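In what follows, a structure is listed as structure tokens, so that the remarks can point back to it.
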Amino acid sequence: MSALHRDGYLLMPDLLTPAARSHIRAELTPLLGPAGRDPYRSRHIRRLYGVLHNTRATDPLIDHPRVLALLDRLLLPNYLLSQLEVVEVAPGAPARPASYDDQRYPLARPRPALSIAALWALDPGTTVTVWPGSHRWASRHPATPGAPLAPPPGSCTLLLGTLWHGRPPQSAAPSLTVTAQYCEPWLRTREAFTLSPGRQVARQLSNRTRQMLGYSIHPPDTGLVDGIHPNRLFS
């Protein structure tokens, strides 16, 4: 926690075994969409949208106990899964400019992070550019080059939503990552998880994951469905 608050990110190695990585990669790769749908229109990037609707391969990453143990100390109870994305970056992909995930929330800095991203590296060659300590900045943008970060395969890197980060040009082999973003329970999520994947898929998920999809109540009554707790929909 001290390192996370100091730097704005934390790399946790060896959370996935080689066998687990191989299994997840084999399940996800055939589901990737065509290159070019990325917001940066890169022909070197493929994504999977509607991850929970398409596969159960990433379920153990969403509620991984090592990740949730930290999130429990960083966010309010009943925090939500805001987005789940799978991205493959191939050699030749351009750099992604510096940004921070909380930019979509129009609140002045400096302030505590409202969201946290968990970046799971499945392959060698995953690269991120970070500006350590930038989560404490006010309104200024990065004026100097960031520090390169190369999460090893099987690792998970937590990034506070106020941390400036980017991606350098991809020069190695294609790298596949899974990113789960979590946010405070009173915010609107990036994906409407109560609509997709829907109740039938949600029944297959752990109770903790269902809560993070929005089948929960943030006191006193945020999240009601017809005046009752949304978890009653599964009874």
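Using the working numbering, the first residue of the sequence shown is number -6, and each one after it goes up by one.
We put the beta carbon where it would ideally sit given N, CA and C, even for glycine.
Everything numeric in this text was worked out from a predicted model, so none of it was measured.
Going by C-alpha to C-alpha distance, which of the options sits closest to residue i?
i           : options               : result
residue 140 : 131, 129 and 157      : 157
residue 91  : 218, 193 and 160      : 160
residue 113 : -2, 56 and 138        : 56
residue 10  : 72, 3 and 147         : 147
residue 53  : 165, 219 and 197      : 197
residue 131 : 170, 142, 105 and 164 : 105
residue 17  : 187, 171, 100 and 183 : 171
residue 166 : 192, 118 and 149      : 118
residue 78  : 58, 41 and 60         : 41
residue 58  : 193, 164, 111 and 185 : 111
residue 188 : 164, 45 and 60        : 45
residue 38  : -4, 135, 164 and -3   : 164
residue 66  : 15, -3 and 199        : -3
I believe residue i touches residue j by the beta-carbon criterion, under 8 Å. Please report the beta-carbon distance rounded to the nearest angstrom.
i           : j           : result
residue 98  : residue 180 : 7 Å
residue 169 : residue 115 : 5 Å
residue 120 : residue 3   : Contact flag wrong, Cβ pair sits at about 17 Å.
residue 237 : residue 137 : Summary: the structure shown does not reach residue 237, with the chain confined to residues -6 through 228, and so no result is reported for it.
Between residue i and residue j, what straight-line distance do the alpha-carbon atoms span, to the nearest angstrom?
i           : j           : result
residue -1  : residue 153 : 11 Å
residue 102 : residue 207 : 27 Å
residue 108 : residue 209 : 18 Å
residue -6  : residue 144 : 18 Å
residue 95  : residue 219 : 31 Å
residue 133 : residue 100 : 14 Å
residue 226 : residue 182 : 20 Å
residue 82  : residue 190 : 25 Å
residue 36  : residue 122 : 21 Å
residue 19  : residue 12  : 11 Å
residue 232 : residue 61  : An answer regarding residue 232 cannot be provided, because it is not within the stretch -6 to 228 covered by the chain.
residue 193 : residue 214 : 24 Å
residue 80  : residue 5   : 20 Å
residue 126 : residue 135 : 11 Å
residue 28  : residue 212 : 42 Å
residue 224 : residue 217 : 10 Å
residue 229 : residue 43  : The chain is shown only over -6 to 228; residue 229 falls outside these bounds and no answer can be derived.
residue 185 : residue 124 : 30 Å
residue 128 : residue 162 : 23 Å
residue 142 : residue 228 : 45 Å
residue 1   : residue 14  : 26 Å
Let me check one thing: in DSSP terms, what residues is residue i bridge-paired to?
i           : result
residue 5   : 149
residue 38  : 82
residue 121 : 142
residue 169 : 81
residue 218 : 221
residue 73  : 176
residue 114 : 170
residue 109 : 153 and 175
residue 242 : Residue 242 is absent from the structure shown; the chain starts at -6 and stops at 228.
- [ ] Could you say if the stretch 188 to 203 and the stretch 77 to 90 meet the contact criterion of at least three C-beta pairs nearer than 8 Å?
- [x] Inter-segment contact for the stretch 188 to 203 and the stretch 77 to 90 is absent: fewer than three beta-carbon pairs are separated by less than 8 Å.
- [ ] Examine the Cβ distances between the stretch 163 to 181 and the stretch 71 to 80 and report whether three or more of them are shorter than 8 Å.
- [x] The stretch 163 to 181 is in contact with the stretch 71 to 80.
Task: contact_flag[the stretch 36 to 55, the stretch 13 to 25] where n(CB pairs < 8 Å) is 3 or more - done: As far as the Cβ criterion goes, the stretch 36 to 55 touches the stretch 13 to 25, which means the pair count is three or higher.
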